[in-house]
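The sequence shown begins at 0 in numbering that gives the first Met the number 0 and counts up by one. Glycine included, every Cβ here is placed at the ideal spot set by N, Cα and C. Written out below as structure tokens is the structure these notes cover.
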Amino acid sequence: MRNESRTNKGKERIFEVISNSDIPLTVYQLSELTSIPVPTVYRNVGILEMEKKVKSFTLEGVNYFYESGKHLHYFKCEICGKFVPIKTCEINEENIEKLINGKVTEHLVIFFGICKACLEEGKV
Ligand SMILES: [Zn+2]
Ligand SMILES: [Zn+2]
Numbered sequence: 000m001r002n003e004s005r006t007n008k009g010k011e012r013i014f015e016v017i018s019n020s021d022i023p024l025t026v027y028q029l030s031e032l033t034s035i036p037v038p039t040v041y042r043n044v045g046i047l048e049m050e051k052k053v054k055s056f057t058l059e060g061v062n063y064f065y066e067s068g069k070h071l072h073y074f075k076c077e078i079c080g081k082f083v084p085i086k087t088c089e090i091n092e093e094n095i096e097k098l099i100n101g102k103v104t105e106h107l108v109i110f111f112g113i114c115k116a117c118l119e120e121g122k123v
């Protein structure tokens, strides 16, 4: 019983952090941000995904978690790996629906390139 409630508290805390983040987070980042051990985070994001509260995508072998239904656009630096949230949306879901003859429920857009800091440091 005590274990059960501790797990739930951990799960709630993990969801809160994912929900409040404007960039997608890895299990390791979630572990750092919540001070919850990696295996516990791993188990809980799995449960949150099953509950459809959280979704994930895999990029270069790394899983990133974000809140379901959130409107998401990111820029990812190919040099330092940093994600930058993009607050505008140029995507017309109605046009996409016409192309696929279906219904769009959400979208996830990731732009790749070189961030300001990496450009300035001449890492290119
Ligand atoms: Zn960078
Ligand atoms: Zn959008």
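- Residues whose Cβ lies closer than 7 angstroms to any heavy atom of ligand 2, listed in chain order: His70, His72, Cys88, Ile90, His106, Val108.
- With fewer than 16 other Cβ atoms from the protein chains shown falling within 10 Å of its own Cβ, Pro84 counts as exposed.
- In the three-state reduction of the DSSP assignment, Cys76 falls in the strand class, which pools E and B.
- In this structure, Cys76 and Ile113 form a Cβ contact; the two beta carbons are roughly 6 angstroms apart against a cut-off of 8 angstroms.
- For Pro84, the enclosing beta strand (DSSP E) starts and ends at 82 to 84.
- Remark: the shortest separation between the CB of Lys81 and any heavy atom of ligand 1 falls under 6 angstroms.
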